[in-house]
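For reference, the structure is listed below as structure tokens.
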Amino acid sequence: MGLIIVKPFWRCLRAVILAAMTMVTAFSACAQVSVTPVTWNVVGLDSNNVSVGPNMFPVGVRVCNTGSTLLSGLKARYVWDSTSAYITRTSAEYLDIANLVAGTCQDIFHEVTVTRDAAAYTQAARYHIDVINGVNAVLASTPTPREIYVERLVSQNRNAIDDILVNNVSVTGSGSVNVNEGQTYEVKLVGHTATQGYEQFEQFLNFKSDLFIVKSVKSTYTCRRRDRLASW
2 MGLIIVKPFW
12 RCLRAVILAA
22 MTMVTAFSAC
32 AQVSVTPVTW
42 NVVGLDSNNV
52 SVGPNMFPVG
62 VRVCNTGSTL
72 LSGLKARYVW
82 DSTSAYITRT
92 SAEYLDIANL
102 VAGTCQDIFH
112 EVTVTRDAAA
122 YTQAARYHID
132 VINGVNAVLA
142 STPTPREIYV
152 ERLVSQNRNA
162 IDDILVNNVS
172 VTGSGSVNVN
182 EGQTYEVKLV
192 GHTATQGYEQ
202 FEQFLNFKSD
212 LFIVKSVKST
222 YTCRRRDRLA
232 SW
């Protein structure tokens, strides 16, 4: 479940709600800013048919003001450290970060697209994300090395998306919803997997970073491994 706010200058947008995220890993810090990856580095294409299923994936970081004063004018810059012809960044290189009061954070999401080609399987491209100020000085960066890796995503009828709700109203199938500039919306993604479970799985919605700001994300599960309860 996540909260999104519509960016200004888009008066009234008719949006098809597609696909949100996430998962937290490690971090890096400098001065008054910390930046922590919040999405999987493993993406992929359907293992049976590259023409179906997702091929656009969020690449997110959490930027926090660890100091005692207001921070403004910051941007998150996506930097490729190596490249693959099958993995491209499809969001802007620089994304604005809202003013950060001391002790607060904001999640920022770039987007990458995997070419729908069987040759893309097992491809990888290394990257990092910098937080920069108004004079392009780097204040913090995500850990390196880190990469986007294209896996074969297992698709089975036993796994499914059951519903998408916007402010508790179901938007099913190819339905759409009207959203307005400056408003905040709660979007809930409901899905299930086979009963035996999986070591890893991805279930997310895509919110274009030039249209939406993701304010927060929350995940809940109906089944957890007993020996790992402490880590949830």
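Taking the numbering used here, the leading residue of the sequence shown gets 2, the next gets one more, and so forth.
Virtual Cβ for every residue (Gly too), placed ideally from N, Cα, C.
No experiment lies behind these values; they were computed from the predicted model shown.
Point to revise | DSSP three-state assignment for Thr26, whether helix, strand or coil | key: Against the sequence shown, residue 26 aligns to sequence position 25. Annotation note: pLDDT 34 at Thr26 (below 50); position unreliable, no value reported.
Practice item. May I ask you to report which of helix, strand or coil DSSP gives Ala141? Key: Against the sequence shown, residue 141 aligns to sequence position 140. Look at Ala141 here: in three-state DSSP terms it is strand.
Point to revise | Spatial distance of Asn56 from Cys65 (CA atoms) | key: Within the sequence shown, residue 56 is the residue found at index 55, counting from 1. Within the sequence shown, residue 65 is the residue found at index 64, counting from 1. Those two C-alpha atoms are separated by around 29 Å.
Practice item. Starting from Arg117, follow the beta strand (DSSP E) in both directions and report where the run begins and ends. Key: For this step, residue 117 is matched to residue 116 along the sequence shown. Run containing Arg117: none; DSSP gives neither H nor E here.
**Study point:** Thr221 versus Leu190 - alpha carbon distance
**Key:** Working through the sequence shown from its first residue, we reach residue 221 at position 220. Working through the sequence shown from its first residue, we reach residue 190 at position 189. Distance between the alpha carbons of Thr221 and Leu190 is about 11 Å.
Exercise for review: Going by DSSP, name the residue or residues bridged to Thr37.
Suggested key: Numbered from its first residue, the sequence shown carries residue 37 at position 36. The partner list for Thr37 (beta bridge, DSSP) reads Arg63.
Practice item. Look at the alpha carbon of Leu71 and the alpha carbon of Asn100, and state the distance between them as a whole number of angstroms. Key: As a position in the sequence shown, residue 71 is number 70, starting the count at 1. As a position in the sequence shown, residue 100 is number 99, starting the count at 1. Going from the Cα of Leu71 to the Cα of Asn100 covers about 7 Å.
Practice item. Report buried or exposed for Ile162, applying the criterion of at least 16 other Cβ atoms within 10 angstroms of its Cβ. Key: The count along the sequence shown starts at 1 and reaches residue 162 at position 161. Ile162 is exposed by the Cβ-count criterion.
Practice item. Report the residue from Val115, Tyr87, Ala195 and Asp131 whose alpha carbon sits nearest the alpha carbon of Ser35. Key: To locate residue 35, count along the sequence shown from 1; it is residue 34. When only C-alpha atoms are compared, the closest one is Asp131.
Check your understanding: How big is the Cα-Cα spacing for Ala126 and Gly174?
Key -> Position 125 of the sequence shown, counted from the start, is the residue given in the question as residue 126. Position 173 of the sequence shown, counted from the start, is the residue given in the question as residue 174. Their backbone Cα atoms lie some 33 Å apart in a straight line.
Exercise for review: Decide if Pro59 is buried, meaning its Cβ has at least 16 other Cβ atoms within 10 Å, or exposed.
Suggested key: Here the question's residue 59 lines up with position 58 in the sequence shown. Classification of Pro59: buried, given that the 10 Å Cβ count is 16 or more.
Exercise for review: Kindly list the residues whose CB is nearer than 8 Å to the CB of Thr105, restricted to its own chain and excluding five residues on each side of it in sequence; keep chain order.
Suggested key: Here residue 105 is taken as the residue at index 104 of the sequence shown, counted from 1. The residues are Cys65 and Asn66.
Exercise for review: Kindly indicate which three-state DSSP category Glu152 falls into: helix, strand or coil?
Suggested key: On the sequence shown, position 151 is the one that residue 152 refers to. In the structure shown, the three-state DSSP call for Glu152 is strand.
Point to revise | Collapsed DSSP secondary structure at Asn181 in the structure displayed | key: Within the sequence shown, residue 181 is the residue found at index 180, counting from 1. In the three-state scheme derived from DSSP, where H, G and I count as helix and E and B as strand, Asn181 is classed as strand.
Exercise for review: Tell me whether Glu112 is buried or exposed, calling it buried when 16 or more other Cβ atoms sit within 10 Å of its Cβ.
Suggested key: Residue 112 sits at position 111 when you count from the first residue of the sequence shown. Using a 10 angstroms sphere on the CB of Glu112, the tally of other CB atoms reaches 16 or more, which defines it as buried.
Review point. Around the Cβ of His129, are there at least 16 other Cβ atoms within 10 angstroms (buried) or fewer (exposed)?
Key: The sequence position of residue 129 within the sequence shown is 128, counting from 1. Under this definition His129 is a buried residue.
Review point. What's the C-alpha gap between Thr123 and Ser85?
Key: One-based indexing of the sequence shown puts residue 123 at position 122. One-based indexing of the sequence shown puts residue 85 at position 84. Roughly 11 Å between the two C-alpha positions.
Practice item. Determine the direct distance from the alpha carbon of Asn50 to that of Asn134, and round the result to whole angstroms. Key: Position 133 of the sequence shown, counting from 1, holds the residue named residue 134. Position 49 of the sequence shown, counting from 1, holds the residue named residue 50. Roughly 43 Å separates the two Cα atoms.
Exercise for review: Tell me, to the nearest whole angstrom, how far the beta carbon of Gly74 is from that of Ser156; I am working on the premise that it is less than 8 Å.
Suggested key: Translated into the one-based positions of the sequence shown, residue 74 becomes position 73. Translated into the one-based positions of the sequence shown, residue 156 becomes position 155. That pair is no contact at about 43 Å.
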